[in-house]
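Notes for the one structure printed next.
Residue numbers (our numbering): 46 to 829.
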């Protein structure tokens, strides 16, 4: 491999510092002695277990204790555990794995057998390592047994073939080789080969120094331990100058150096009150924290996540996994100051992994899709679904992250590279920080990781509900991608999913649809969200109903809610809207039953949804509102209350997720005539004729010059004077305006003006078609 000149310089300086400061110290000398001692005891353990197995003895306990690396503690020594310089286990393995549901008591003999066979096969035939690692990884009984668990014994038995890889050495190798290998055992064959080559390439530097009597790979491992654990090197900066601290970025370094006080939300799971999270400002370490307490808190958190997930998604996942225990149920406690949880399932040679990380600086929720690179079925499904996914994500936004994951499908499509017409490779696209998409191309798998990231500060500040909502929305957002991997007919299932779950759209979609400024839309949406009931009012043709429908679509986007539109009229009654007695027949008998009206039916449907549901009442002022609303006049103001409705002893309250949007045509009935009690219960949003919308519409659709038309409209509205009767703009928002303008003016505009100026008809003479057409026709094409 080729190491960059900068990395060679960096390694040279660091290695010289290591040689001068660590191997000859008391700690370093003790460290050196461990390598030979550990290998010798590991070989003895393996040979004894091999003989016991040949003799027909039960080797379960011995495999678990003597072939896996344990931390040097009194309890572990008393149990006869294999003590190792790179420990992956600190406490009782069985208690740990059973508590976090990685293993059942009755399955430990299968776990032990899997471990022993993997070691045996790999040592006997080293060239089968890649196959062995993949078989081990896919086994039901290998949960939690990653690289740090399995490579110490391989290294002890055959050090010339197997490099010892743990979290420390993996980080160092990735840094100097510019790779990104993970802790999973399926990555071990590649990183093992890379590490051996890296050590070989660096040997000309290593050989310059007066070294202790150690193998080069052991010396490199000790260097890795020193660099990460003692020096706490800043791999992010990649610098060889100045002080080094174990940080992932300058921002996190500043966070700890200033020892700032975190703003803790008392409702957060990740707070001292509820969890006692690692207080990194006081330099606590993970091993000093009560992991059982963490485990209990994680289980509670994941339970809330599971209950918050859409039932259709949750049911689908449970069907795929045959699981009845809920959602996330697997955890790993790492030695580098993080907590890691993982839940996965396999289908058609594709593995779906849900992961949550809590480390010193971040909270990550990830979904990883991994498939065999030669799996043509998966590749074809992914390719065929891209067009449909593009429709799903084109306007999708992501509320909980500062940076959108959004439109990654479009990016991916542009990055598709077909090789030999049968292999799809999506090149690396990294959008880390708030939202991220990453792809790793190895020799063995197609790997796609998507997810959400919060900084630790944000996690402290978020309530349980906010954190759960963020994870759940991420899953809802990415679920169509999961369907590609797990479904035999993904396009059909994605379409069915979208019918249930409304796509989340960016606000800019509604800016494009309404031609209204985004800032104005945000102000209206904020008002509606705050008050939960609002009325758009204005003169005819200003687009009130169209705006209301677009805002309703925006409010329900990204959720399982819905919106409906009804129109009031003078004959609309309380019985129509709330409830009333209706004659019905049953087996020829006439009955008078109490029947729910449109609003009660709407509320009952909304109560079954988790998210916003919007009822649009068009022409709301055309009915007798005090009569139609009845008890609703009270409930609209006191949303948390419930009362008995007229004619019924059944109590009723408006569900919290119900929003009302009315439209009011002020030419039919002035807003001044609306009952003051009703006005107090609604936010009133004025919609005046916006002539810029005419310009924007025709610039986009027809490229017509409409300046003359707008000038005439302004003159007419100045003549009308009363803004309740202003002439609106919607008459002219059509693509066939040139052909239809005469008909519109004579059949719609002139009759409206005749009615308004019925007592002074002479005022509109100058605005008859024959008088006005030369000013607004012909409409000239603008430059496109």
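Glycine included, each C-beta is placed from N, C-alpha and C at the ideal position.
Just so you know, these numbers come straight off a predicted model, no measurement behind them.
Do residue 626 and residue 675 come within 8 Å of each other at the CB atom, strictly closer than that value? no
Using the beta-carbon count (16 or more within 10 Å), is residue 815 buried or exposed? exposed
With DSSP collapsed to three states, give me the class of residue 731. strand
Helix, strand or coil for residue 112 per DSSP? coil
If you draw a straight line from the C-alpha of residue 798 to the C-alpha of residue 809, how long is it? 7 Å
Considering only C-alpha positions, which residue in the set 203, 165 and 130 is nearest to residue 212? 130
So, at 6 Å on beta carbons, what are the nonlocal neighbours of residue 240 in its own chain, with the 5 sequence-adjacent residues on each side left out? 208 and 218
Please state the DSSP three-state secondary structure of residue 696. strand
Do residue 555 and residue 582 have their C-beta atoms closer together than 8 Å? no
Nearest-angstrom beta carbon gap, residue 346 and residue 80 [assumed within contact, 8 Å]: The Cβ separation is near 41 Å, so there is no contact.
CA-to-CA distance, residue 813 to residue 807, given in whole angstroms: 11 Å
Let me know the secondary structure DSSP gives residue 460 once reduced to three states. Only weak support is given to the placement of residue 460: the predicted model assigns it a pLDDT of 38, under 50, and the value that follows is read from those uncertain coordinates. Residue 460 falls in the coil class under three-state DSSP.
Through-space distance from residue 205 to residue 57, alpha-carbon basis: 25 Å
With a CB to CB cut of under 7 Å and the five nearest residues on each side skipped, what residues in its chain are close to residue 722? 678
Hey, would you say residue 560 sits closer than 8 Å to residue 742, going by beta carbons? yes
Inter-residue spacing [alpha-carbon to alpha-carbon] between residue 709 and residue 791: 26 Å
When you compare only the Cα positions, how much space is there between residue 656 and residue 607? 9 Å
Which residue or residues does DSSP assign as beta-bridge partners of residue 609? 660
Close Cβ partners of residue 254 (< 8 Å) along its chain, the five nearest in sequence each way excluded: 60, 61 and 64
Reduced DSSP secondary structure (H/G/I, E/B, other) of residue 751: coil
Flag this pair as touching only if the region 608 to 621 and the region 655 to 670 have three or more C-beta atom pairs under 8 Å; answer yes or no. yes
Answer yes or no: do residue 230 and residue 270 have a C-beta to C-beta separation smaller than 8 Å? no
On a CA-only basis, which of 126, 101 and 85 is nearest residue 203? Give me that one, please. 85
CB residue 210 to CB residue 177, shorter than 8 Å? no
Compute the Euclidean distance between the alpha carbons of residue 508 and residue 172, then round it to the nearest angstrom. 51 Å
Opposite residue 689 in the DSSP bridges: which residues? 696
Thinking C-beta only, is residue 88 closer than 8 Å to residue 201? yes
Given residue 163, which residues of its chain have a CB within under 6 Å of its CB, disregarding the five upstream and five downstream residues? 177 and 181
Neighbour flag for residue 121 against chain B, beta carbons, 8 Å: Chain labels in this structure do not include chain B; a single protein chain is all it has.
Can you tell me whether DSSP reads residue 213 as helix, strand or coil? helix
Leaving out the 5 sequence neighbours to the left and right, which residues in its chain are closer than 7 Å to residue 187 when beta-carbon positions are compared? 159 and 181
Residue range of the alpha helix (DSSP H) that residue 597 falls in? 589 to 601
Whole alpha helix (DSSP H) runs in the region 126 to 171 with 4 or more residues, listed along the chain? 138 to 144 and 153 to 169
Taking only three categories from DSSP, how would you classify residue 272? helix
Whole angstroms is fine: what's the gap from residue 169's alpha carbon to residue 92's? 13 Å
Measuring only the C-alpha atoms, how far is residue 275 from residue 190? 26 Å
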